[in-house]
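Down below is the structure, laid out as structure tokens.
Numbering (my numbering), first residue to last: 83 to 298.
Structure follows, in structure tokens:
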């Protein structure tokens, strides 16, 4: 299963190559997702850690030595669910996104997403915003899938540093795994790792893949 999730991450990074006109600002993020169920109206989200990918330069940098930088997606509502053989398709709408800086380094996924969210959001809100839509595609046989969502940042102590980037839609693209080897905490659906970026296209970058591969 380790090879399977690495393969998913590689496919994400080898998406449509960026054109010369694209400026791709992006960060690596990892964490754990949670999905309440398969009934429309059920809630979903993500709790995890946030860091830049080099050598691509982010619009600003966090203090990763002095603070723990966390990110949270929550309040995403299941609009529709379908299942064909071993393939699940979750379609979500709405929700919020937040990136937080905290000098206490106390992120704890706990025994439920509520505990993880509480520890991830007790710092300074650097960026906050809204989620427009998200899709989870998951294979119940291999326990591997993908998360693809879109958000806009509208607030937070770092919003002004984004400049014109604050007007752009950001895409969240992750590989997911619920295999026993990744030790998913109680109450969560799967572990995930990937990127959040400003463009609809992603440049292939071997160094980025090596960062994601190291997580598994």
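Virtual Cβ for every residue (Gly too), placed ideally from N, Cα, C. In this text the structure is predicted, and so the values were computed from the model without any measurement.
Expected contact under 8 Å - CB spacing of residue 172 and residue 234 to nearest Å: Not really, about 21 Å apart at Cβ, beyond 8 Å.
Measure the Cβ-Cβ separation of residue 221 and residue 169 and say whether it is below 8 Å. The answer is yes: Cβ separation under 8 Å.
Own chain, CB closer than 7 Å to residue 146, minus 5 neighbours either side, in chain order: These residues qualify, in order along the chain: 133.
Would residue 114 pass as a contact of residue 270 if the rule is Cβ separation under 8 Å? Against a cut-off of 8 Å, the Cβ pair of residue 270 and residue 114 comes out as a contact.
Is there at least one non-hydrogen atom of the ligand ADP closer than 7 Å to the beta-carbon of residue 220? The ligand ADP is not among the ligands present in this structure, which contains no ligands whatsoever.
Compare the beta carbon distance of residue 156 and residue 178 with 8 Å and say whether it is the shorter of the two. If you check the CB distance, residue 156 and residue 178 come in under 8 Å.
Please report the straight-line C-alpha distance between residue 148 and residue 266, rounded to a whole angstrom. Whole-angstrom Cα-Cα distance: 27 Å.
Quick check for students: name the residue ranges of the alpha helix (DSSP H) that lie wholly in the stretch 178-248, counting only runs of 4 or more. Runs of the alpha helix (DSSP H) inside the stretch 178-248: 195-202 and 241-244.
If we ignore side chains and look at the alpha-carbon of each, how far apart do residue 99 and residue 229 end up? Any reading at residue 99 needs caution, since the residue's pLDDT is 37, under 50, leaving its predicted position unreliable; the model's value is listed next. Their Cα atoms are separated by approximately 19 Å.
Cα separation between residue 141 and residue 201? Between residue 141 and residue 201, the C-alpha separation is close to 26 Å.
Nonlocal neighbours in the same chain, by C-beta distance under 8 Å from residue 123, ignoring five residues either side: Around residue 123: 159 and 160.
Could you name the residues of the same chain whose beta carbon sits closer than 7 Å to that of residue 240, not counting the 5 residues immediately before and after it, in chain order? Excluding sequence neighbours, residue 240 sits near 142, 208 and 209.
With H, G and I counted as helix, E and B as strand and the rest as coil, what does DSSP make of residue 168? If DSSP states are grouped into helix, strand and coil, residue 168 belongs with coil.
Report the rounded CA-to-CA distance for residue 182 versus residue 272, giving the unit in angstroms. Straight-line Cα distance between these residues: approximately 22 Å.
Can you give me the C-alpha to C-alpha distance between residue 204 and residue 259, rounded to a whole angstrom? Residue 204 and residue 259 have their C-alpha atoms roughly 27 Å apart.
Could you check if residue 223 is buried or exposed, using at least 16 other CB atoms within 10 Å of its CB as the buried criterion? A residue is called buried when at least 16 other Cβ atoms come within 10 angstroms of its Cβ; residue 223 does not meet this threshold and is exposed.
Given this structure, state the Cα-to-Cα distance separating residue 126 from residue 243, to the nearest angstrom. Spanning the two alpha carbons is a distance of roughly 29 Å.
Would you kindly check if the distance between the Cβ of residue 211 and the Cβ of residue 129 is under 8 Å? Residue 211 sits away from residue 129, with the two beta carbons spaced by 8 Å or more.
Return helix, strand or coil for residue 129, following the three-state DSSP convention. Secondary structure at residue 129: strand, using DSSP grouped into helix, strand and coil.
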